[in-house]
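A short write-up of the structure that comes next.
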Amino acid sequence: MRILAMIIVAAGLVLGGTTGKLTGTVKNKNDNTPLVGCNIVILNTDLGTASNPSGEFTILNISPGVYSVKVMMIGYQSVTVTQIPISVDKTFRLNFSMDIQVVEGKEIIVVADRGVIQFDRTNSEARVTSDVLETMPLTEVSDVIKLQGGITQDEGGGIHIRGGRGSEIVYMVDGISMTDVYDGGISVTVENDNIQELQVISGNFNAEYGKAMSGVINMVTKDGGNTFESSLNYYSGDHMTSDPIFRGLDTYSPFNDVNIAGSLSGPLLGGRITFYSSGRLYRSAGWLNGLNTFNMYGDTLFIDENNNRVRDIGEPYHDENNNGQWDNGEFYVDQNGNLDWDDPELTLTPETKPMNWVDKWSSQNKLTFKLNPKVKLRIKYILSHDEYQSYDHHRRLTLGGRNTHFSDGEILGLNFSHSISSTSYYDLNISQSKKSYKNQVFESVDDPRYQIPDEFYFAFMGQNPDHPNGQCDEDDVFHDEDGDNICDVSGGEYDEWYYDQSDFKYGETIVNSDYDPLNYYPLHAYARWGLDMSRFYRETVTKQVKFDFNSQLNKYNLIKIGVEYQFHSLKLDSYALMDSSENDQTFTPVKPNLGDKFDLSGNPIPQLSVPLQSSENIPSWVTHFHPNRSYYLNSPKEFSAYIQDKIEYGDMIINVGLRYDYFDPNSWVPMNSHEPYIQNPRNPRLDSLSVEERLNIDWGSYSHFTIDDDTNDTTWVRYSDFGGFIDNDGLQNQKGWYNKTTPKSQVSPRLGIAYPISDKGVIHFSYGMFYQIPRFELLYTNPGYKMPETSGKFGIYGDPDLEPQKTTSYELGLQQEITRDLKLEVTGYFRDVRNWVSTGIPIDLGGGASYFKYVNKDYSNVRGVIITVDRRFNNYYGWHIDYTFQTAEGSNSNPSEEFGAILDNSEPRRSIIPLNWDQRHTLNVSAYTSYHGWGGHILMQYGSGYPYTPVYTSSSLQGQTLANVLIQNSRRKQSTVNFDLKLYKEITFARDIHGRFFININNLFDTTNEITIWGDTGRSSGTAEQSLAEENDDGNPLRPNTISDYFNHPEWYSDPRNIQFGVQVSL
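With the working numbering, the residue at position 489 of the sequence shown is 489, and numbering never jumps.
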């Protein structure tokens, strides 16, 4: 007997970001009457329900995946429907028609018919499941996100959703926000292999989502199942190209990029506990190489065949500047530090080494406790570590002494989920996330390699012969220790920082002429030495409690209510090692200790008589002070609540919600904006006060005095009117150096409507107001307002009292089924953005000095249309195409942009211009096929040119000076295109052991896309500056590179072709 199962796919942003919903009806096939009390069970789970008197059923709190559902009732044939997809925040509608049982035990099994239209979707979104991720030629989550419509990226690879700034995205993992509030990035790395479903919400989102203005990236990670499973994923490869712009990539090294990942999951204690554990190790040499010619102290490499410690005629050497000879300064490298040139240093030659290498690892772990069929407890622990160096074009010959970057992420979370019934459940989430980042050359500040020895020539920079008489005097840099009128070594090594016009050489008799300094800084030259003394550390810890309650109140209303509290702890410590003494020729590093009693000019200052620790009523930058070290501790707090209702009335779907957000920056701002620096005020009347006395200052006694007081009227005069400083008005009745910041709160409405226009089409409209606190980096940067007592422009300083940024967004869309497997989607949107952070007007300090801080004033608007055609996989193939036309304009692309214009004495922005990421046309194409174990997936990404600001090389005409910069972002760069390909063959190694061999080729056609360009030509490969430099080349032998090398930047181009071979095994 034939049983019909009618299934309609629908999706709506209603649930808690980690689960989906199944709903439908059960009816008698013969008379179409509802069947009451039918049991509906999701197989291999504890989830199920019974149909109500109307034959309707609803099951909430279903984890994403593919399921089989069985419906049973006495006297009727059981029906099982397989291949039912459940996705995050989606409703799957499943209607059953049951026939009276004729043969006992007979069961009907059918496969779900998945429609291509999502009838209850009220916004734009994209979803990628784990099965699709496995076939894509992409290995990082960020690469998958960039494939979605309406998403562009900037020069640095940052993601921009629908024209917003990169920090306007919220990242969620298993329903919990994992956004690093310092910079708006994600706190921890989540690997592709661990994602069950990736959801990208680029349109308006419902009230449950907040703290974002552009989009939501929601990742649901994998759980352990009822059977043991394991997997191993290995691949290795290398970048390879014949393009000469890239050094050392003309040969293929199959192990320059190596990836090893694995997972293990399954049940424990008879299935009452399930676990999922995975790990990944990845190492890449990158594609930007340097020639390791100099060490960080300035020594160079050549071969000394006869061991006489000099470069003899005929001996091989490394002639980096291609002048046909070995020049002064091309020394050896003293690797073992014994001040001699010995093995193995005698045969060292320059070596090609990677400059943008990456080493990283990650681990994801989850335990699920099934306390009873309705209660689950999940514990997850995710951690990641990234270690890398960034390419520095000017250090291409000096690879040592550069900072290494370290990034660590950690998440510990607990989820308690209780299904009160099949139509009601709640989730309680408690979590802590931690993100730390640091950069430094060596781990310890006491590392002896930080000490620059005096035998190296650049330690004598700025030295001159004390007695330029043509003789080696005792206190000259060149000196004659044994009195034989021949210059001896200085500090154990011969120093060639100075030479005379007669080509003075080591051991040569002194000639009667002065010593002239060599030009060790020729124009257009790579750095020949350098040891970065800067050290930076920051840490963000977020503790979070979140409660969500969901209930299908009746046939029409699915209600969701939630509250969330976040407590953040931010720490930052930034400084550069200082020379313990500037009276010698050796750099001996010392750490600037917090609490040292000197101002920026080196003058003693009064100190605060409190312990060196954070205080409830004293800013951390006061208790932890050093003029040459930036340090702060901040503890802001956030609270939010929302209510949301999904109304399903007939064919119309309405999502309506309201969200409340509260933010307490929990910090301080100066009472007197014209006197912000407590450690070194400009008002001389305050110099005699200790820092502790300044904290409690009575401004009326120090900023004003009275000239008339007759009880009826008091005339106040400001001291600043007679000095080189400025005070706020009205300070005579104010006390205290700082004011506490004020909490911020806002209410944002959300509305979405979906209405079917036929059984094959639906339109939707959505509207929302979205508020977001600026990234905390802008609130707390440069605390304490440290600035010298000189004239000039200082900044930019953060402002913890910044207001929330605001976006008002509208969207209108259409979904239309073309054929059974083909869908067309058209979406138009408009975003109005206000209160963007920018640079404020100058705040006058008096005496020709002023400073700048961040303020809310920038504006942006975005308009766009996305056209998508999707052919779902069927009959061995599928494909997806999306085209986006978008205009993103605003007053400034980044908050500090206007400050740079001010330093150039330019006018503030008075109109809107294309933003840096304003890419008008983007096209993404994805095509995939699978046939009897063979498969392939090809991706194509096209983007029109981003805007840039043209400049003139020459800026004078007939004696009149002209601006050398035209209208900002008024021209367009070259368009870009890229193809990625994955080919694979599935195999069976043994019983229950399956796998696939695969090859990934990124940038299939080795296209050299121009990312960063010269302003005068609009191209990466040419500038008039290079022609001028070559015409005026003085042939300086100490330039270690050609002028062409200097002007040709390999990092300005997209990655070259990368070929990876790998194998996946699962059992």
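Backbone N, C-alpha and C define an ideal beta-carbon position, used for all residues, glycine too.
Exposed unless 16 or more other CB atoms sit within 10 angstroms - verdict on residue i
i, result
"D31", "exposed"
"V590", "exposed"
"M652", "exposed"
"R121", "buried"
"G1062", "buried"
"V9", "Its pLDDT being 30, under 50, V9 is placed unreliably in this model, and the value from its coordinates should be taken loosely. By the 10 Å Cβ count, V9 comes out buried."
"Y931", "exposed"
"P749", "exposed"
"V88", "buried"
"G271", "exposed"
"N550", "buried"
"I74", "exposed"
"W934", "exposed"
"V762", "buried"
"Y876", "exposed"
"Q1060", "buried"
"V1005", "Val is not the amino acid found at residue 1005; the sequence shown has Phe there. Exposed, by the Cβ-count rule."
"Q1064", "buried"
"R685", "exposed"
"E1070", "Lying outside 1 to 1067, the shown extent of the chain, residue 1070 is not represented and no answer is given."
"E1069", "Beyond the ends of the chain as shown, which are 1 and 1067, falls residue 1069; an answer cannot be given."
Enclosing beta strand (DSSP E) for residue i [first to last residue]
i, result
"A212", "Per DSSP, A212 belongs to no beta strand (DSSP E) and is neither H nor E."
"G864", "849-874"
"S1075", "Nothing can be reported for residue 1075, as the shown portion of the chain is limited to 1 through 1067."
"S534", "534-552"
"Y702", "That residue, Y702, is in no beta strand (DSSP E); its alpha helix (DSSP H) goes 699-702."
"R378", "375-388"
"V110", "107-111"
"F294", "Element bounds for F294: n/a, residue is neither H nor E."
"R165", "Premise fails: R165 is in no beta strand (DSSP E) and is neither H nor E."
"F765", "761-772"
"E1031", "It is not in any beta strand (DSSP E) - E1031 instead sits in the alpha helix (DSSP H) that spans 1024-1031."
"D980", "976-990"
"D446", "Run containing D446: none; DSSP gives neither H nor E here."
Under 8 Å between C-beta atoms of residue i and residue j
i, j, result
"L399", "K353", "yes"
"W836", "G890", "yes"
"N628", "P592", "yes"
"P1040", "Y526", "yes"
"S620", "K435", "no"
"I1086", "I678", "Since the first residue of the chain shown is 1 and the last is 1067, residue 1086 is not available in this structure."
"V144", "T221", "no"
"S177", "E229", "no"
Run of the alpha helix (DSSP H) containing residue i, from where it starts to where it stops
i, result
"W621", "620-623"
"S431", "Where S431 is concerned, there is no enclosing alpha helix (DSSP H), although the beta strand (DSSP E) it sits in stretches over 424-440."
"D1045", "1043-1047"
"I902", "897-903"
"E351", "No alpha helix (DSSP H) holds E351; the beta strand (DSSP E) holding it covers 351-354."
"V691", "691-695"
"F776", "776-780"
Q.
For the segment 831-842 against the segment 785-792, do three or more pairs of beta-carbon atoms, one drawn from each stretch, fall closer than 8 Å, so that the two count as touching?
A. no
- Mind the definition here: the segment 1048-1056 touches the segment 983-998 only if three or more C-beta pairs lie below 8 Å; say whether that holds. no
- Would you call the segment 200-214 and the segment 231-239 in contact, with 3 or more CB pairs under 8 Å? no
TODO: Quick one: which unbroken alpha helix (DSSP H) runs of 4-plus residues sit fully inside the segment 128-155? Chain order, please.
DONE: 130-135, 141-145
Check your understanding: Is there contact between the segment 660-680 and the segment 622-639, where contact requires at least three CB pairs shorter than 8 Å?
Key -> yes
Review point. Do the segment 76-84 and the segment 209-226 make contact, defined as three or more Cβ pairs closer than 8 Å?
Key: no
* the segment 27-42 touching the segment 104-119, judged by at least three CB pairs closer than 8 Å -> no
* To do: Give, in chain order, every unbroken run of the beta strand (DSSP E) that is at least 3 residues long and sits entirely within the segment 225-281.
  => 229-239, 257-268
| said: Count Cβ pairs between the segment 184-198 and the segment 241-258 that sit closer than 8 Å; are there 3 or more? | reply: no
Would you call the segment 901-914 in contact with the segment 872-886, where contact means no fewer than 3 C-beta pairs closer than 8 Å? no
Review point. Can you give, in chain order, each stretch of the beta strand (DSSP E) that sits fully within the segment 10-97 and has at least 3 residues?
Key: 20-28, 39-42, 48-50, 56-62, 65-72, 78-86
Inset, instruction - Tell me the start and end of each unbroken beta strand (DSSP E) in the segment 632-656 that is at least 3 residues and wholly inside, in chain order. - result: 637-649
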